[in-house]
Amino acid sequence: MKRISLVFILGILLVLPLLSQQEARFMTYPDIDGNTIVFTYEGDLWKVNLEGDSGTAIRLTNFPGNEYAAKFSPNGKEIAFTGGYENDHSVYTIPVTGGQPLRITYSPGGATTVEWTPDGKKVVYNSYMQTAIRRDPK
């Protein structure tokens with residue numbers, strides 16, 4: 029009986045630290061422009077300066093829905109990203125300082141940001157709009 033109690037107590041002591049740990053959340057979809065990084069964390073876009081600021085991140089978006097796949101424009105003044113706001117994912121742009129997103133795609137089947145064109149006039153994205161099977165975006 030004493031041995032079973034000891035094993036039970038040791039089992040509880042080993043499990044307690046695992047139960048007290050908080051969920052880990054990671055920064056995803058980073059993009060770098062000069063000394064600035066934009067990334068997704070908890071479904072919102074954030075930016076952080078590599079120098080100064082002591083690494084303090086600034087939230088750029090706080091809208092209902094998820095934002096991800098952010099890409100800096102070649103001139104560094106805008107960020108294109110994928111936003112899931114209206115039952116589908118579309119491509120939006122936002123000033124690097126934050127603000128109201130501007131929707132630039134309206135295609136059925138969703139769209140995901142890939143990159144800007146080198147001249148900064150267009151955003152390259154992939155979509156399932158003209159595919160019969162939703163595994164091969166174009």
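The numbering of the sequence shown is our numbering, which starts it at 29 and goes up by one. Don't be surprised by glycine CBs; every beta carbon is placed ideally from N, CA and C. Keep in mind that this is a model prediction, so the values were computed, not measured.
1. Ordered along the chain, which non-local residues of its own chain (more than five positions away) have a Cβ less than 8 Å from that of THR56?
2. Pick helix, strand or coil for GLU70, following the three-state DSSP scheme.
3. Spatial neighbours of TYR113 within its chain, please: C-beta separation below 6 Å, excluding the five flanking residues on both sides.
4. Per DSSP, which residues does GLY112 bridge with? Please list them.
5. Compute the Euclidean distance between the alpha carbons of TRP74 and THR110, then round it to the nearest angstrom.
With the given structure in hand:
1. PHE67, THR68, TYR69 and TYR96
2. coil
3. GLY93
4. ASN94 and HIS117
5. 14 Å
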